[in-house]
Amino acid sequence: MADPAIAIVGAGPAGIRAAEALSRHGLSAILVDEAPKGGGQIYRQPPDSFQGPASSRYGFEARKASALHLTIKRLATAIDYRPSTLAWNVCNGRLDTLCAGRGESVVFDILVIATGAMDRMLPLPGWTLPGVYALGGAQIALKYQGCAIGQNTVFLGTGPLLYLVAYQYAKAGAKIEAVLDVNPAHAKRRALFALASSPRTLAKGIYYRASLGTHGIAVEEGVTPMGIAGTDEVRDVHYRRGSVDKSVRCDAVGLGFGLKSETQDGESTVSGVYLAGDGAGIGGADAAELWGERVGLSIAARCGRRHDASRIAKIDRRLARLARFRAGLERAFPLPLLGSTLPDDTILCRCESIRVGQVKDAIRAFDVVEMNRMKAISRVGMGRCQGRMCGHAAAELLAAETRQDLAAVGRLRGQPPIKPLPMPWPGTP
8 MADPAIAIVG AGPAGIRAAE ALSRHGLSAI LVDEAPKGGG QIYRQPPDSF
58 QGPASSRYGF EARKASALHL TIKRLATAID YRPSTLAWNV CNGRLDTLCA
108 GRGESVVFDI LVIATGAMDR MLPLPGWTLP GVYALGGAQI ALKYQGCAIG
158 QNTVFLGTGP LLYLVAYQYA KAGAKIEAVL DVNPAHAKRR ALFALASSPR
208 TLAKGIYYRA SLGTHGIAVE EGVTPMGIAG TDEVRDVHYR RGSVDKSVRC
258 DAVGLGFGLK SETQDGESTV SGVYLAGDGA GIGGADAAEL WGERVGLSIA
308 ARCGRRHDAS RIAKIDRRLA RLARFRAGLE RAFPLPLLGS TLPDDTILCR
358 CESIRVGQVK DAIRAFDVVE MNRMKAISRV GMGRCQGRMC GHAAAELLAA
408 ETRQDLAAVG RLRGQPPIKP LPMPWPGTP
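Just so we're aligned, residue 8 is where the sequence shown starts under our numbering, counting upward by one.
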């Protein structure tokens, strides 16, 4: 029987390790990724013209980054690797892609979705000003373009990425005015026992946090963001700590409140479709590599290849340990529920310029209780990002206005094309 046609979307840690596991078992795959070079966000590779040691870009993870990059090079002859390629639709065993202005359909029997995670954004007054970046965007600017997002930067939000990006900027010599964490210090102390399940990772996090102090950077925890001020550009960040209102002068803001999966569910109910890495559930780069390998081994077993059951058991044990650490992170950095406290004039959907008050009016006028009905009436989530930036906050707002649990309001349904496309483009199949 012929080997199945396998397609992998995403050349980050999960996608690469899945392709590697398949290759070890004599199976090939088509691997597509939007970036010009593999590695994902965490191990993003700079342009060839950039020089310097890996440690300057990846810090403690330099060895892991180099190992993954070497694997990508080794796999070049074993798989069909297609960088700079956008996957924009999946339907009936067909993956529609776009590369260099040319469309192509990839037929598959098995699909691995390893699309990673993106920043969880919560709207606040001024978040649409020029100079406000997602934490991931700030990290891309530093890693891929070798520049900071501003001359005087404030990092605002919560989660491990907040401290990691601030550390990376400080190490690169960028001027950071403040790091503002919406979660209090005692939340992190309460989570120490669970975080100790991965002592090396915990030690790195403590180091990142401590290094900010050695660089003279103010870190304030337990803050409430009030807004970002400015007219044509960022001027100040206003926040409250306790009963005291404060502000800090800056010309750029890195904003992020944790991560959310690029895919909407953590498991696939469709036969032949596998999810791996942070796209299935947030776990970090180490867990993503393990999940990718685990998926590759599962596919190999499905295809009748002999596989090492002890290796699968070892992966499962390591994933269980990392899951305990992840649970600790969620206790240390709980996601703030800000959707119901936003001022009515705050822009909720930046693509369509829809404000919080407009959405509230629509909810009340039409007795809206479900996300997709709210989308149809208010146009929230109908813009270029398709709700990636505003969807979660919109769901929080709807849940608060209708006094429902967040899960009860549902989620925005994705529709192709899942990302904006030029129209028309030459060579459309």
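Think of the CB as a built atom: it goes at the ideal place given N, C-alpha and C, for glycine as much as any other residue.
These numbers were taken from a predicted model, which means no experiment stands behind them.
Which class does residue i belong to by DSSP, given the choice of helix, strand or coil?
i      : result
Lys182 : coil
Lys253 : strand
Phe67  : helix
Arg248 : strand
Asp315 : coil
Lys44  : coil
Pro20  : helix
Thr92  : strand
Lys426 : coil
Pro232 : strand
Thr409 : helix
Glu111 : strand
Gln271 : Legend: pLDDT at Gln271 = 41, less than 50; position of this residue unreliable, no value from coordinates given.
Tyr140 : strand
Met125 : strand
Thr348 : helix
Ile384 : helix
Phe373 : coil
Val302 : helix
Asp323 : helix
Leu517 : No answer is possible for residue 517: the residues shown for the chain start at 8 and end at 436.
Leu38  : strand
Asp10  : coil
Ala259 : strand
Thr238 : coil
Ile15  : strand
Asp87  : strand
Ala414 : helix
Pro206 : helix
Tyr215 : helix
Arg31  : helix
Leu336 : helix
Short of 6 Å in beta carbon distance, which residues of its chain neighbour residue i, apart from the five on each side in sequence? Order them along the chain.
i      : result
Tyr88  : Leu38
Pro54  : none
Leu304 : Ala28, His314 and Ile319
Ser62  : Ala69
Ala145 : Ile156, Val172 and Gly261
Val376 : Thr409
Lys44  : Gln52
So is residue i buried or exposed if we call it buried at 16+ other beta carbons inside 10 Å?
i      : result
Gln271 : Legend: pLDDT at Gln271 = 41, less than 50; position of this residue unreliable, value from coordinates given subsequently. Exposed: under 16 other Cβ atoms inside 10 Å.
Asn99  : exposed
Val114 : exposed
Tyr214 : exposed
Glu240 : exposed
Arg301 : buried
Phe340 : buried
Thr238 : exposed
Phe200 : exposed
Lys80  : exposed
Val186 : buried
Phe332 : buried
Ser91  : exposed
Met430 : exposed
Gln175 : buried
Val277 : exposed
Pro350 : exposed
Which residues in the same chain have their Cβ closer than 8 Å to the Cβ of residue i, if we skip the five residues on either side of it in sequence?
i      : result
Phe57  : Gly153
Lys211 : Phe67
Arg391 : Cys358 and Pro427
Val139 : Gly133, Ile235, Val241, Ala259, Val260 and Leu262
Gly290 : Gly284, Trp298, Leu326, Leu329, Ala330 and Arg333
Bridge partners for residue i per DSSP, in chain order?
i      : result
Ile5   : This structure leaves residue 5 out entirely; the chain is present only between 8 and 436.
Ala225 : Ala185
Thr104 : Ala94 and Glu111
Tyr281 : Val119
Arg362 : Ile354
Ala194 : None; Ala194 has no bridge partner.
Phe264 : Thr165
Asp243 : Ala236 and Arg256
Thr160 : Ile183 and Ala259
Give me the Cβ distance between residue i and residue j, rounded to the nearest whole Å; I'm assuming they're in contact under 8 Å.
i      : j      : result
Ala236 : Gly364 : Not confirmed; about 20 Å, so no contact.
Gly279 : Ile117 : 5 Å
Ala402 : Val416 : 5 Å
Ser218 : Ala192 : Going by Cβ atoms, the distance from Ser218 to Ala192 rounds to 17 Å, so no, they are not a contact pair.
Check whether the Cβ of residue i lies closer than 8 Å to any heavy atom of the ligand ADP, and answer yes or no.
i      : result
Pro350 : Here there are no bound small molecules, and the ligand ADP is not part of this structure.
By Cβ distance below 7 Å, which residues in the same chain neighbour residue i in space, the five residues on each side in sequence not counted?
i      : result
Gly265 : Arg127, Thr165, Gly166, Phe340 and Leu342
Gln158 : Lys182 and Asp258
Leu75  : Pro20, Ile23, Gly46 and Tyr50
Any beta carbon from chain D within less than 9 Å of residue i's own beta carbon?
i      : result
Gly108 : No chain D is part of this structure, which consists of one protein chain only.
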